[in-house]
Amino acid sequence: MQFLSDNAAAVHPAVWKAMQATDAADAPYDNDGLSRALDAAFSQLFGRECAALWVATGTAANCLALSSMVQPHGAVLCHSEAHIEMDEGGAPGFFLHGAKLMTVEGDHAKITPEVLEAAVSGIRDGVHQVHPHAVSITQASEYGCVYRPDEVAALASFAQGKGLGLHMDGARFANAVAFLDVAPGDIVAGVDALSFGFIKNGAMGAEAVVLFDPEEAEVLRFRRKRAGQLQSKGRFLAAQILAMLENDLWLANARSANAAAAELAAAAGQRLLHPVEANEVFLTCTAAERAALREQGFGFYDWGTEAARLVTAWDARSEDVAALARAIAAL
Numbered sequence: 008m009q010f011l012s013d014n015a016a017a018v019h020p021a022v023w024k025a026m027q028a029t030d031a032a033d034a035p036y037d038n039d040g041l042s043r044a045l046d047a048a049f050s051q052l053f054g055r056e057c058a059a060l061w062v063a064t065g066t067a068a069n070c071l072a073l074s075s076m077v078q079p080h081g082a083v084l085c086h087s088e089a090h091i092e093m094d095e096g097g098a099p100g101f102f103l104h105g106a107k108l109m110t111v112e113g114d115h116a117k118i119t120p121e122v123l124e125a126a127v128s129g130i131r132d133g134v135h136q137v138h139p140h141a142v143s144i145t146q147a148s149e150y151g152c153v154y155r156p157d158e159v160a161a162l163a164s165f166a167q168g169k170g171l172g173l174h175m176d177g178a179r180f181a182n183a184v185a186f187l188d189v190a191p192g193d194i195v196a197g198v199d200a201l202s203f204g205f206i207k208n209g210a211m212g213a214e215a216v217v218l219f220d221p222e223e224a225e226v227l228r229f230r231r232k233r234a235g236q237l238q239s240k241g242r243f244l245a246a247q248i249l250a251m252l253e254n255d256l257w258l259a260n261a262r263s264a265n266a267a268a269a270e271l272a273a274a275a276g277q278r279l280l281h282p283v284e285a286n287e288v289f290l291t292c293t294a295a296e297r298a299a300l301r302e303q304g305f306g307f308y309d310w311g312t313e314a315a316r317l318v319t320a321w322d323a324r325s326e327d328v329a330a331l332a333r334a335i336a337a338l
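Sequential numbering from 8 applies to the sequence shown in the working numbering.
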């Protein structure tokens, strides 16, 4: 009964079916019909013209999206717990040719215009200090908390006022949309680039970089090739993404994962360290209590010395979720 990560979830049957259906000769790289259909599919989803490029990993999606905004002598403003800071092995510095990550703090791993203003206010003009070129936010955050549309709009206003790009790391974008129950376009207003995650939500190995200025896509295609992300049989990545978008499968999967997390949150009660707004649950849990849960067959990650992180996925079995909820309540 694994609650380690939604990365470990099964591939959705509809994704397997779509990949099998495209298993015939077609134009290589991104010249096939499915890859060419992505721009229109995402434009319809967001209600505005955009361009979308598939890549194989979330790390590549984040770094390539940022590469369109940040020069090597610049910096990215992000939370100190952001995935690009904590979990990507220095990839942003590699892809951005030495650009810095400039970290700030904020409750529940979210940032505000106020903390960003404080971070940049002391930076002197001129070449002797690093200047930010972009802001990166995580939706949902690393602690499973969701930016509301007005919060994103405020950050977009700050970024635009400073001449900065705004990137959204949407590894769990689907879970955020499911929680807010709003149109996807409502929470990307003012965003320049979105890393739209599918792997955690039922895909096998495909993520999308969505650019809300389609003209940026032409340069990014060169960057994707140079980064080793232009796969020869790209139709198989496009097939996964289109299968997830069809009939809003991406949203149904996220709702299922969120519902499972909400059940665990209800059992955790006062143990919760953060609001449960997506599919991650953080709770206080001693070493002895964590051992007791593992003895019952539950897999999860320790979070420091006195807490645990539980992640639910689209395919979480109801009986497993109920069993874990009972076990938590009984601690």
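Ideal Cβ placement from N, Cα and C applies to all residues, glycine included.
- As a beta-bridge residue in DSSP terms, Y308 pairs with R316.
- Under DSSP, K107 takes part in a beta bridge, and its partners are A82.
- With a cutoff of 7 Å on beta-carbon distance, K117 and C152 are scored as near each other.
- Under the three-state reduction of DSSP output, M93 falls in the helix class.
- For S143, the enclosing beta strand (DSSP E) starts and ends at 138-145.
- For H281, the closest of A147, F305, M26 by C-alpha to C-alpha distance is A147.
- Note: H174 is bridge-paired with S143, A200 in the DSSP secondary-structure output.
- Here L338 is not near E270, since their CB atoms are 7 Å or more apart.
- In the DSSP assignment, V217 falls within the unbroken beta strand (DSSP E) covering 214-218.
- Within its own chain, the residues whose Cβ lies closer than 7 Å to the Cβ of L331, once the five positions on either side in sequence are excluded, are M8, F10, L271, F305, listed in chain order.
- Look at E223 here: in three-state DSSP terms it is helix.
- Close CB contacts of D199 within its chain, under the 7 Å cut and outside five residues either way in sequence, are with M76, G172, L173, H174, F219, D220 (chain order).
- In the three-state scheme derived from DSSP, where H, G and I count as helix and E and B as strand, T291 is classed as strand.
- Contact between G241 and S50 is ruled out by a C-beta separation of about 19 Å, above the 8 Å threshold.
- Following the DSSP letters along the chain, one finds W23 inside the alpha helix (DSSP H) bounded by residues 20-28.
- Between M251 and A299, the gap from beta carbon to beta carbon reaches 7 Å or more.
- Inclusion of K107 and V137 in the CB contact set at 7 Å is warranted, their separation being smaller than that value.
- With respect to the 7 Å criterion, V217 and L201 are classified as neighbours on the basis of their beta carbons.
- For A336 against A274, the beta-carbon gap comes to about 4 Å, under 8 Å, which counts as contact.
- Boundaries of the alpha helix (DSSP H) harbouring W257: 256-275, taken from the DSSP string.
- Under DSSP, Q9 shares a beta bridge with G306.
- Cβ contact annotation for R278 (same chain, cutoff 6 Å, sequence separation greater than five): L290, T291, in chain order.
- The Cβ neighbour count for Y308, taken over all protein chains shown within 10 Å, is under 16; the residue is labelled exposed.
- Here V159 carries a helix assignment [DSSP, helix/strand/coil].
- A check of alpha carbon separations from R55 across C70, D46, A234, V62 identifies D46 as the nearest.
- Taking C-alpha positions only, C70 is separated from A320 by approximately 25 Å.
- Taking all protein chains shown into account, A294 has fewer than 16 neighbouring C-beta atoms within 10 Å of its C-beta and is therefore exposed.
- Taking C-alpha positions only, A59 is separated from A224 by approximately 8 Å.
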